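S.K.:
Residue numbers (our numbering): 30 to 258.
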């Protein structure tokens, strides 16, 4: 299938190879763009240099790509997934990778170690009260830095040649301008995105595990089951 994947410009670099491995082709569409906040980035880097954090949590690949080249080895670093880990490792920052693809996996992963620890989180200016509340409830101390904003591009997504569209975040769906087609398969990268889609009146045919690879596996399973039917 030819899949339109919602991405921030520049974040799609390995999508084509990963889709090809699963037997599909893809291209990127951009419902959102990022706006860097240099002051917040600088403040985070200063905090890291002053050893103010016991742990740093990168919740997506973009802040890792922006910030890792400005960092040196220091505290414990956690990446939300392998793409984020790859961005960090390319800049020489060693890290651990969560076993799941959601920020809700962060506190369970750290367990009792988190108590009394200062957690630095460079991330998008998108509220995530569940993560902040979970860290606080577990005894951690949050230092959140809104290093970039996400703004709608207000461009109609080019889907004329797509057999499927994959929404990679809840916001990429809620801010997208697009026209559904009966012959186009609609997919969500994970359950949080799927919930936002259902709330907006769109029922995803395929829901992944929070990763591109997991979504492609779910797609292939869906296609196989439908062929069998």
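Beta carbons: idealized from backbone N, C-alpha and C, even for Gly.
Since the model is a prediction, treat every value here as computed from it, not as a measurement.
If we count the other Cβ atoms within 10 Å of its Cβ and call it buried at 16 or more, is residue 57 buried or exposed?
M.R.: buried
S.K.: DSSP beta-bridge partners for residue 175?
M.R.: 152
S.K.: Would residue 108 and residue 87 qualify as a contact pair, given that the criterion is a beta-carbon distance under 7 Å?
M.R.: yes
S.K.: Please go through the same chain and pick out, in chain order, the residues whose beta-carbon is closer than 8 Å to the beta-carbon of residue 171, but skip the five residues on each side of it.
M.R.: 148, 150, 161, 164 and 165
S.K.: Is it the case that the stretch 229-237 contacts the stretch 202-217, given that we only count it when at least three CB pairs across the two stretches are under 8 Å?
M.R.: yes
S.K.: Among residues of its own chain, excluding the 5 on either side of residue 186, which ones have a beta-carbon nearer than 7 Å to its beta-carbon?
M.R.: 33, 58, 60, 205, 206 and 207
S.K.: Considering only the alpha carbon of each residue, which of 65, 53, 38 and 248 lies closest to residue 153?
M.R.: 65
S.K.: Using the beta-carbon count (16 or more within 10 Å), is residue 168 buried or exposed?
M.R.: exposed
S.K.: Measuring only the C-alpha atoms, how far is residue 184 from residue 143?
M.R.: Residue 184 and residue 143: Cα-Cα distance of roughly 42 Å.
S.K.: Going by C-alpha distance, which of 177, 93 and 85 is nearest residue 136?
M.R.: 85
S.K.: Using the three-state DSSP reduction, which class does residue 259 fall into: helix, strand or coil?
M.R.: Since the first and last residues shown for the chain are 30 and 258, residue 259 lies out of range.
S.K.: Would you report the Cα separation of residue 190 and residue 238, rounded to the nearest angstrom?
M.R.: 26 Å
S.K.: What does the Cβ neighbour count give for residue 116, buried or exposed, with the cut at 16 atoms within 10 Å?
M.R.: buried
S.K.: Identify the residues that DSSP records as bridge partners of residue 216: which are they?
M.R.: 195 and 235
S.K.: Are the beta-carbon atoms of residue 106 and residue 96 separated by less than 7 Å?
M.R.: no
S.K.: Give me, in chain order, the residues of the same chain whose beta-carbon lies closer than 7 Å to that of residue 72; leave out the 5 immediate sequence neighbours on both sides.
M.R.: 174
S.K.: Cutting at 7 Å between CB atoms, please list the residues of its own chain near residue 114, excluding the five before and the five after it.
M.R.: 108, 124 and 126
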